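Please read the structure below before turning to the comments.
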Amino acid sequence: MRITHTDRIICHRLVEATSIVGRMRGMLKRDFSDFDAMLFRRNNSIHMFFMGMPLDIIFLDAEDQIISIRHSLKPWRMAIDLTASSVIELPAGTVARTGLTPGAALDMTVDRIL
Numbered sequence: 018m019r020i021t022h023t024d025r026i027i028c029h030r031l032v033e034a035t036s037i038v039g040r041m042r043g044m045l046k047r048d049f050s051d052f053d054a055m056l057f058r059r060n061n062s063i064h065m066f067f068m069g070m071p072l073d074i075i076f077l078d079a080e081d082q083i084i085s086i087r088h089s090l091k092p093w094r095m096a097i098d099l100t101a102s103s104v105i106e107l108p109a110g111t112v113a114r115t116g117l118t119p120g121a122a123l124d125m126t127v128d129r130i131l
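Residues in the sequence shown are numbered from 18 upward in steps of one, following this note's numbering.
This is how it looks when you write it as structure tokens:
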């Protein structure tokens with residue numbers, strides 16, 4: 018349902034893409050009107066092909082600690098962190114607004130599965 022860090026809410030509605038279709042589609046032709054962030058477990062890369070907006074990308078380790086961040090990744094780009102276990106996509110500007118940095122541990126509760 019939300020992502021928190023040191024009792025600060027980063028997002029209120031977290032969805033996890035688990036199905037093949039949900040993982041392939043990701044944020045393509047979606048906006049953040051129904052949710053605030055999308056989580057991809059067992060993933061260490063994302064692509065922004067055909068996307069219409071930039072996204073903040075957070076790479077996590079197996080304990081949901083932030084390994085690396087890509088701020089406002091633009092459409093038609095790719096991002097990878099070979100050490101990551103999961104990826105979170107957020108609206109561009111969220112990471113800067115909330116002050117998240119590598120090393121921060123996140124507490125996540127999934128609101129919905131796609």
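Backbone N, C-alpha and C define an ideal beta-carbon position, used for all residues, glycine too.
Predicted, not measured: the structure shown is a model, and the values here were computed from it.
Does DSSP put residue i in a helix, a strand or coil?
i: arginine 25; result: strand
i: leucine 123; result: coil
i: alanine 96; result: strand
Just curious, the alpha helix (DSSP H) that residue i is in, first and last residue?
i: alanine 113; result: 111 to 115
What does residue i pair with, by DSSP beta-bridge criteria?
i: methionine 87; result: In the sequence under discussion, the amino acid at residue 87 is arginine, which differs from the methionine named in the question. Answer is Ile74, bridged to arginine 87.
i: methionine 16; result: Nothing in the structure corresponds to residue 16, since the chain is present only between 18 and 131.
How would you call residue i, buried or exposed, if buried means at least 16 neighbouring beta carbons within 10 angstroms?
i: glutamate 80; result: exposed
i: isoleucine 130; result: exposed
i: methionine 18; result: In this prediction, methionine 18 has a pLDDT of 33, which is less than 50 and means its spatial position is unreliable; nothing more can be read from the coordinates.
i: aspartate 24; result: exposed
Is the beta carbon of residue i less than 9 Å from the beta carbon of residue j?
i: aspartate 98; j: phenylalanine 76; result: yes
i: glutamate 33; j: leucine 72; result: no
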